[in-house]
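In order, the protein sequence lines correspond to chains F and L.
Oh and the first sequence: position 88 is 88 in this note's numbering, straight run, nothing missing.
Oh and the second sequence: position 493 is 493 in this note's numbering, straight run, nothing missing.
Cβ coordinates follow ideal geometry from the N, Cα and C atoms, glycine included.
Below you'll find the structure, written out as structure tokens, and then a few comments.
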Amino acid sequence: MPSIAKPLVPRAPLPRNALGLTVRDYEGPMSTLCAGCGHDSTTAALVQALWQSSIEPHRVVKLSGIGCSSKTPTYFLRGAHGFNSVHGRMVPIATGANAANRDLLYLGISGDGDALSIGLGHLCHGIRRNVRLVHLIENNGVYGLTKGQFSPGADRGSASPRGERNDLSPIDPMLLGLSLGATFLARGFSADKVHLVPLLEAAFAHRGFALIDVISPCVQFNNHVGSTKSYAATRAREVQVTDLLAPIAPAAGPPLAGTVPDGGVLDVPMAGGGELRFRSVPPGYDPTDRTSVAVHLAEHAGRGEVPTGLLFVDESVPDVHERHRSTQQPLNDVPFEQLCPGAGTLDAIQAAYR
Amino acid sequence: MEPTGVPDAAYYQRVVDCQWACPAHTDVPEYVRLVGQGRYGEAYLVNRATNVFPGILGRTCDRPCEPACRRGRVDEEPVAICRLKRVAADLRGDVSDRLPKAPRVPNGKRVAAVGCGPASLAVANDLLPLGYAVTIFEGATEPGGLMRSSIPAFRLPLEVLDAETAAVVDMGAEVRYGQPVASLARLLEAGYDAVFVGSGAPRGKDLDVPGRHEGDADAHVHVSLDWLASVAFRHTTAIGRRVLVIGVGNTAMDCCRTARRIGGTEVTVVARRPRAFFRASPWELQDAMEEGIGLLTERAPRRFVVEHGHLVGVELDELEWDERAEHSRVVGSTFLPADDVVLAIGQENAFPWIERDLGIDFGGADLPVVDAVTMSSTRPGVFFGGDAAFGPQNIVWAVAHGHEAAISIDLHCRDLPVTTRPSLQGSLVSQRLSLSQWSYANDFNPVGRQETPRVALERRFAELGVEVELDLTAEQVAREIQRCLNCDVQTQFRASRCVECDACVDICPVGGLTITEDGPEAAVRARLTVPPAGGAEPFYVSEPLPQTRRIMVKDEDLCVHCGLCAERCPTAAWDMAKLVLVQPRAGAIGRAVTVG
Ligand SMILES: Cc1cc2nc3c(=O)[nH]c(=O)nc-3n(C[C@H](O)[C@H](O)[C@H](O)COP(=O)(O)OP(=O)(O)OC[C@H]3O[C@@H](n4cnc5c(N)ncnc54)[C@H](O)[C@@H]3O)c2cc1C
Ligand SMILES: Cc1ncc(C[n+]2csc(CCOP(=O)(O)OP(=O)(O)O)c2C)c(N)n1
Ligand code: SF4
Ligand code: SF4
Ligand code: SF4
Ligand SMILES: [Mg+2]
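Now the structure itself:
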């Protein structure tokens, strides 16, 4: 625990975003995580991305399960709503909240344990339903909070600090997501904000479920020689597959979706307007083509590499509200008489089925 | 960019802005912390080790440290460094057992000093503990120089002056009061091993305009330094009702405020230039205005008006200045009635007692040619310091000169070249007590600068010696010490330990840290977390970091020394370490020590 809160020093005036807020307005109380934990850097990337996107703090709902990663919603955006659920149950809570109010930005922070062990079933169905939720997995290969047991994010052969090897095969949330029909899949690295921040901004603008796997080293239990998720190992294994330019560019010309450029620029139109602009997409890589992305990722994984970037995006799939044609209005805006029309109306409905 | 390398004391001392700006290099943050801990005696001794006169300077220093203070870049007002020095001095208790002492066995060398002002006293302070026999020749009857004769008692009480001059003299200096040196040649013949000239700039400038010596004008037109001295020594106890003070520097401020206290009820200061171009320190001007002193700007005396043998006033030219107040033209004239006039238009050196055939060269303005490092004149064995060396400066510069001259005198007496001098020594001492606990209060407190309390106006004029400023209250001290940013507690970086996790970059409250690709300086600067403000502070540039070969860059100008980078670093690549500097002193055989 740091000795002091990060002070507000009235030096040169800080830049303000479209809402007139400074980046400090997007921070929260001091983190109690270990010094140097990747999760704290991910938090800093979120602060930066939320500020840059000029998102109103009170329009955000922060959700999480249990774990060091799941503690982090406390440490940013003090003006937002939040729900710290039980272990692995963040997605159902987010699904319910989103059903009640589709106007807010749902930001789920989970760990590789929380999301890929106890919460795996919920994650799968959240992806399938395409709930409009930005779902981060702060992936450190261990259960940090419970002192460093291997998690399903751990690679086969990765060693614990005492030298035991993990002999179970890992769950790769990106490959899993592809198989479940995910519509937005990205991977970043906590210590590389240059690339992580645009991924987050793109996710905020996505139509449905955005899954971001953030390699986020556990300095305490998984940052040693022999670990495949240390800072050093991640840097050695990382392969930047796609690179996102300042994410949401205003629509420029006819959409290029589906065309595969040769290591050049690729624009993908977003459902809410504007375009994602990729640069340096390798020849043959089409982030809108599920099959070729699956092949590509499997090849990387086979070589022990960690592909990063916005790996897959599909803006054509309706989200859960669109599919159910549920009310546009947040339920708290629906007049009570309409929301709860009374026993008479219920009787009438039931009568219709008799 | 070129890595800064492992920084040394010369790098780190520039980060301590106040100490770097102080001519005597007083360890400001250290004594501010000691004051905060109620350890006033130790705070006093930290001061005394460098500036010799903490009680005097805590009231009168020109405080070059304050405009330099880092706090002034954060919330515009610097720490009240000077007034905290006064607090340390006033509350120090008895520290006599911890003051330097002369050894029982002298070293057999004899040194003469001319004048008993702060410069000579600083020389004596450094040489007496080494066993030198120091003889001071002083024309006046008491020690202190201009600190006694010019600085009025309402700014510097006599008890304070007496105590701190006595602390030096009582170490065993032989002071020959009432014995002005009339001939340096004769003094040199007396066979001293070295001579120090600390005779000051003792002459106030006169004004040669018509009427200056007409009728009784000589009795009613006074020259600043002589008149202030005459008031200080109680030869003059009254002045006319209507007083004009010509000039608007700090001396003029002391003159008008003194006049106000001994009978001048309508005192007006007359300035040549517009107010924006005054030389007086803003706080001295403010005190004068508060005491009801009148101010007339853009006027210059044309003649003293004497009628029937009596001075009746001054005729003034009205001036019109260009924008930068460089050129003026006369556009009219005013008559101002006056019973007395005080001339405070400058101070001059005068060395009528130094023969010009002794091998001591003189340059412009009748000033001796003096080496700015060694304080040596062109004649080996004769050294100058204080106002006598380069013209009128201030007390703390006189002290700084005294330390350097003492080093030279010691080297000279040991037949060593005065140019091979002991140098600054420094070491870094980690201030970490535990994972996130420091030996210093690292939090940033946004509290504003505390205003010095002052005696009520009516009580000030009751007696000449009523000190106007009071000590800060206990509550004010408690707040003011928290404003200090502990710039001496340095961030120390070890590139080899860094895992590039970004924690320090994220936590720094001022955006002072950046990890970025190496490249040409302009390109690196363009990528900094916060654009550089362009201060005079050094830039820290690390060796390439182990994992990515990127570099860590720190803008020292921004840092508030909160220690959060070091607390959030998982590998202790950052640490907070106090820079302990040992200033070069006479008798030290030193060499520069690299810290890292
Ligand atoms: C009105 C006024 C106000 C000032 N206020 C401040 C202030 O608030 N803060 C500040 O820092 N500075 C102030 N100063 C400047 C400061 O007093 C001087 O810079 C400082 O005292 C210089 O010290 P010194 O040792 O060089 O000489 P001095 O203090 O001038 O001492 C020289 C001594 O040498 C003696 N002497 C001269 N000739 C001979 C001789 N031939 N033989 C023997 N003795 C001799 C003189 O009698 C005198 O005692 C002020 C100056 C004036 C005039
Ligand atoms: C129902 C339930 N089972 C087990 C636990 C114990 N537990 C707490 S956190 C955690 C794992 C967290 O791992 P991860 O999500 O990867 O978070 P990290 O701490 O690594 O960031 C476990 C198993 C619990 N809190 N609740
Ligand atoms: S145990 Fe690991 S995951 Fe948890 S705070 Fe510490 S470094 Fe982060
Ligand atoms: S001590 Fe460290 S964190 Fe604090 S201001 Fe300085 S560089 Fe930034
Ligand atoms: S916190 Fe320490 S290890 Fe992390 S980037 Fe900063 S100096 Fe390097
Ligand atoms: Mg984990």
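My output table needs one value for residue i: the three-state DSSP class, helix, strand or coil.
i: GLY121 (chain F); result: helix
i: GLN329 (chain F); result: coil
i: GLY115 (chain L); result: coil
i: HIS222 (chain L); result: strand
i: LYS85 (chain L); result: helix
i: PRO73 (chain F); result: helix
i: ALA140 (chain L); result: coil
i: ILE109 (chain F); result: strand
i: TYR12 (chain L); result: helix
i: ARG187 (chain F); result: strand
i: TYR31 (chain L); result: helix
i: TRP353 (chain L); result: coil
i: TYR540 (chain L); result: strand
i: ILE137 (chain F); result: strand
i: LYS193 (chain F); result: helix
On the DSSP letters alone, give me the boundaries of the beta strand (DSSP E) that residue i sits inside.
i: GLU307 (chain L); result: 299-307
i: ASP317 (chain L); result: 310-321
i: THR452 (chain L); result: Element bounds for THR452 (chain L): n/a, residue is neither H nor E.
i: TRP574 (chain L); result: 574-582
i: GLU174 (chain L); result: 174-177
i: HIS296 (chain F); result: Per DSSP, HIS296 (chain F) belongs to no beta strand (DSSP E); it is in the alpha helix (DSSP H), 290-302.
i: MET552 (chain L); result: 551-555
i: HIS81 (chain F); result: 81-84
Within 10 Å of its beta-carbon, does residue i have 16 or more other beta-carbons around it, so buried, or fewer, so exposed?
i: GLU307 (chain L); result: exposed
i: GLU337 (chain F); result: exposed
i: GLN437 (chain L); result: exposed
i: ASN125 (chain L); result: buried
i: ALA462 (chain L); result: exposed
i: PRO217 (chain F); result: buried
i: THR146 (chain F); result: exposed
i: GLY258 (chain F); result: Low confidence applies here, because GLY258 (chain F) scores a pLDDT of 44, under 50, leaving its location unreliable; read the following figure in that light. Flag for GLY258 (chain F) reads exposed.
i: VAL593 (chain L); result: Its pLDDT being 36, under 50, VAL593 (chain L) is placed unreliably by the model, and nothing is read from it.
i: TRP283 (chain L); result: exposed
i: GLU315 (chain F); result: buried
i: PRO255 (chain F); result: Unreliable placement is indicated for PRO255 (chain F), whose pLDDT of 39 sits below 50; the coordinate value is still reported in the next sentence. It is exposed - the Cβ of PRO255 (chain F) has fewer than 16 other Cβ atoms within 10 Å.
i: MET174 (chain F); result: buried
Taking the alpha helix (DSSP H) that residue i belongs to, which residues open and close that run?
i: ILE151 (chain L); result: From DSSP, ILE151 (chain L) is part of no alpha helix (DSSP H); its letter is neither H nor E.
i: PRO269 (chain F); result: Looking at the DSSP string, PRO269 (chain F) is not in any alpha helix (DSSP H); the run it does join, the beta strand (DSSP E), is 266-269.
i: GLY332 (chain L); result: First-last for GLY332 (chain L): 328-337, but that is the beta strand (DSSP E), not the alpha helix (DSSP H).
i: GLU77 (chain L); result: That residue, GLU77 (chain L), is in no alpha helix (DSSP H); it is neither H nor E in DSSP.
i: ARG235 (chain F); result: 231-237
i: PRO173 (chain F); result: 173-180
i: ALA658 (chain L); result: Only positions 1 to 596 of chain L appear in the structure, and residue 658 (chain L) is not among them; the question remains open.
i: LEU188 (chain L); result: 184-189
Quick test of your reading: residue i and residue j, contact by CB under 8 Å. State the CB separation rounded to the nearest angstrom.
i: LEU128 (chain L); j: ALA586 (chain L); result: With a Cβ gap of about 10 Å, LEU128 (chain L) and ALA586 (chain L) do not count as contacting.
i: ILE137 (chain F); j: ASP213 (chain F); result: 5 Å
Do residue i and residue j have their CB atoms nearer than 8 Å?
i: VAL209 (chain L); j: PHE304 (chain L); result: yes
i: LEU528 (chain L); j: ASP555 (chain L); result: yes
i: LYS62 (chain F); j: LEU77 (chain F); result: yes
i: ARG275 (chain L); j: THR297 (chain L); result: yes
i: GLY309 (chain F); j: GLN240 (chain F); result: yes
i: GLU66 (chain L); j: PRO78 (chain L); result: yes
i: VAL331 (chain L); j: GLU348 (chain L); result: no
i: ASN597 (chain L); j: VAL399 (chain L); result: Residue numbering for chain L in the displayed model covers 1 to 596; residue 597 (chain L) lies beyond these limits and cannot be assessed.
i: ASN394 (chain L); j: ASP62 (chain L); result: yes
i: LEU564 (chain L); j: LYS6 (chain F); result: yes
i: TYR177 (chain L); j: GLU214 (chain L); result: no
i: GLY208 (chain F); j: VAL91 (chain F); result: no
i: TYR192 (chain L); j: ARG110 (chain L); result: yes
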